[in-house]
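Structure record follows, encoded as C-alpha coordinates.
In our numbering, the protein residues as written are 215 to 331.
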(Lines of atoms letter the chains of each structure in order from A and count residues from 1; the text may use other names and numbers.)
(Lines give C-alpha, C1' and ligand atoms only; values in the text may rest on other atoms or scores of the structure.)
Protein backbone atom coordinates (compact mmCIF):
# COMPACT_ATOMS: atom_id res chain seq x y z
CA UNK A 1 0.00 0.00 0.00
CA UNK A 2 1.04 3.62 -0.11
CA UNK A 3 2.05 6.10 2.57
CA UNK A 4 -0.30 8.15 4.72
CA UNK A 5 1.14 11.27 3.07
CA UNK A 6 -0.72 10.40 -0.14
CA UNK A 7 -4.04 10.19 1.69
CA UNK A 8 -4.08 6.40 1.72
CA UNK A 9 -3.61 4.17 4.73
CA UNK A 10 -0.62 1.85 4.97
CA UNK A 11 -1.60 -1.63 6.14
CA UNK A 12 -1.16 -2.63 9.79
CA UNK A 13 -0.53 0.84 11.19
CA UNK A 14 -2.61 2.35 14.00
CA UNK A 15 -4.11 4.85 11.52
CA UNK A 16 -5.10 2.05 9.15
CA UNK A 17 -6.59 -0.04 11.97
CA UNK A 18 -8.69 2.91 13.17
CA UNK A 19 -9.94 3.46 9.60
CA UNK A 20 -10.81 -0.23 9.24
CA UNK A 21 -12.71 -0.35 12.53
CA UNK A 22 -14.63 2.82 11.59
CA UNK A 23 -15.69 1.23 8.28
CA UNK A 24 -13.79 3.83 6.26
CA UNK A 25 -11.88 1.35 4.09
CA UNK A 26 -13.29 -0.64 1.16
CA UNK A 27 -15.37 -3.72 1.98
CA UNK A 28 -12.86 -6.20 0.59
CA UNK A 29 -9.95 -4.69 2.51
CA UNK A 30 -11.97 -4.50 5.71
CA UNK A 31 -13.02 -8.15 5.46
CA UNK A 32 -9.91 -9.84 4.10
CA UNK A 33 -7.12 -7.86 5.75
CA UNK A 34 -9.14 -7.16 8.90
CA UNK A 35 -9.83 -10.87 9.41
CA UNK A 36 -6.97 -12.78 7.85
CA UNK A 37 -4.18 -10.22 7.58
CA UNK A 38 -4.31 -9.55 11.30
CA UNK A 39 -4.53 -13.30 11.95
CA UNK A 40 -0.95 -13.56 10.64
CA UNK A 41 0.04 -11.79 13.86
CA UNK A 42 -2.35 -13.05 16.52
CA UNK A 43 -2.74 -16.70 15.56
CA UNK A 44 0.94 -17.67 16.05
CA UNK A 45 0.84 -15.92 19.43
CA UNK A 46 -2.36 -17.75 20.39
CA UNK A 47 -0.90 -21.10 19.30
CA UNK A 48 2.21 -20.49 21.39
CA UNK A 49 0.19 -19.48 24.45
CA UNK A 50 -2.02 -22.56 24.16
CA UNK A 51 0.90 -25.02 24.21
CA UNK A 52 2.95 -23.34 26.94
CA UNK A 53 2.49 -24.68 30.48
CA UNK A 54 0.90 -21.45 31.76
CA UNK A 55 -2.36 -20.47 33.39
CA UNK A 56 -5.33 -20.73 31.00
CA UNK A 57 -6.31 -17.17 31.89
CA UNK A 58 -3.48 -15.77 29.75
CA UNK A 59 -4.61 -17.24 26.40
CA UNK A 60 -8.20 -16.76 27.62
CA UNK A 61 -7.58 -13.04 27.95
CA UNK A 62 -6.11 -12.89 24.44
CA UNK A 63 -9.11 -14.84 23.10
CA UNK A 64 -11.49 -12.41 24.86
CA UNK A 65 -9.66 -9.43 23.34
CA UNK A 66 -9.78 -11.05 19.91
CA UNK A 67 -13.52 -11.68 20.35
CA UNK A 68 -14.03 -7.97 21.07
CA UNK A 69 -11.93 -7.08 18.01
CA UNK A 70 -13.96 -9.46 15.82
CA UNK A 71 -17.27 -8.01 17.05
CA UNK A 72 -15.98 -4.50 16.25
CA UNK A 73 -14.79 -5.78 12.86
CA UNK A 74 -18.23 -7.26 12.18
CA UNK A 75 -19.74 -3.80 12.60
CA UNK A 76 -16.97 -2.32 10.44
CA UNK A 77 -17.63 -4.83 7.63
CA UNK A 78 -21.32 -3.90 7.75
CA UNK A 79 -20.52 -0.16 7.64
CA UNK A 80 -17.61 -0.30 5.19
CA UNK A 81 -17.83 1.74 2.07
CA UNK A 82 -16.93 -0.30 -0.95
CA UNK A 83 -14.20 0.96 -3.25
CA UNK A 84 -15.77 -1.14 -5.98
CA UNK A 85 -19.39 -2.22 -6.24
CA UNK A 86 -19.88 -5.04 -3.73
CA UNK A 87 -22.87 -7.35 -4.25
CA UNK A 88 -25.13 -7.45 -1.21
CA UNK A 89 -24.71 -11.24 -0.94
CA UNK A 90 -20.93 -10.96 -0.59
CA UNK A 91 -21.23 -8.23 2.02
CA UNK A 92 -23.76 -10.32 3.98
CA UNK A 93 -21.46 -13.36 3.76
CA UNK A 94 -18.56 -11.25 5.04
CA UNK A 95 -20.64 -10.08 7.99
CA UNK A 96 -21.68 -13.65 8.85
CA UNK A 97 -18.15 -15.03 8.58
CA UNK A 98 -16.68 -12.23 10.71
CA UNK A 99 -19.44 -12.70 13.29
CA UNK A 100 -18.67 -16.44 13.26
CA UNK A 101 -15.03 -15.70 14.06
CA UNK A 102 -16.16 -13.51 16.96
CA UNK A 103 -18.39 -16.29 18.28
CA UNK A 104 -15.56 -18.83 18.05
CA UNK A 105 -13.16 -16.58 19.97
CA UNK A 106 -15.88 -16.00 22.58
CA UNK A 107 -16.38 -19.73 23.08
CA UNK A 108 -12.62 -20.30 23.20
CA UNK A 109 -12.24 -17.62 25.89
CA UNK A 110 -15.13 -19.07 27.91
CA UNK A 111 -13.66 -22.54 27.63
CA UNK A 112 -10.22 -21.38 28.74
CA UNK A 113 -11.60 -19.42 31.69
CA UNK A 114 -13.66 -22.46 32.72
CA UNK A 115 -10.55 -24.66 32.47
CA UNK A 116 -12.08 -26.96 29.84
CA UNK A 117 -9.16 -27.09 27.43
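Ideal Cβ placement from N, Cα and C applies to all residues, glycine included.
Asked, Found
"Buried or exposed: which applies to residue 308, given that a residue is buried once 16 or more other Cβ atoms fall within 10 Å of its Cβ?", "buried"
"My assumption, with CB atoms under 8 Å, is that residue 316 sits in contact with residue 281. Please give the rounded CB distance.", "5 Å"
"Please report how far the alpha carbon of residue 329 lies from the alpha carbon of residue 279, in whole angstroms.", "18 Å"
"Any chance the segment 281-296 sits against the segment 261-271, with 3 or more Cβ pairs inside 8 Å?", "no"
"I need the boundaries of the alpha helix (DSSP H) containing residue 319, first residue and last residue.", "302-328"
"Under 8 Å, do residue 321 and residue 284 count as touching if we go by C-beta distance?", "no"
"Which residue wins for smallest C-alpha separation from residue 250, given the options 304, 323, 299 and 287?", "287"
"Taking the straight line between their C-alpha atoms, what separation do you get for residue 229 and residue 247?", "14 Å"
"What are the boundary residues of the alpha helix (DSSP H) that includes residue 232?", "228-235"
"Whole angstroms is fine: what's the gap from residue 261's alpha carbon to residue 235's?", "25 Å"
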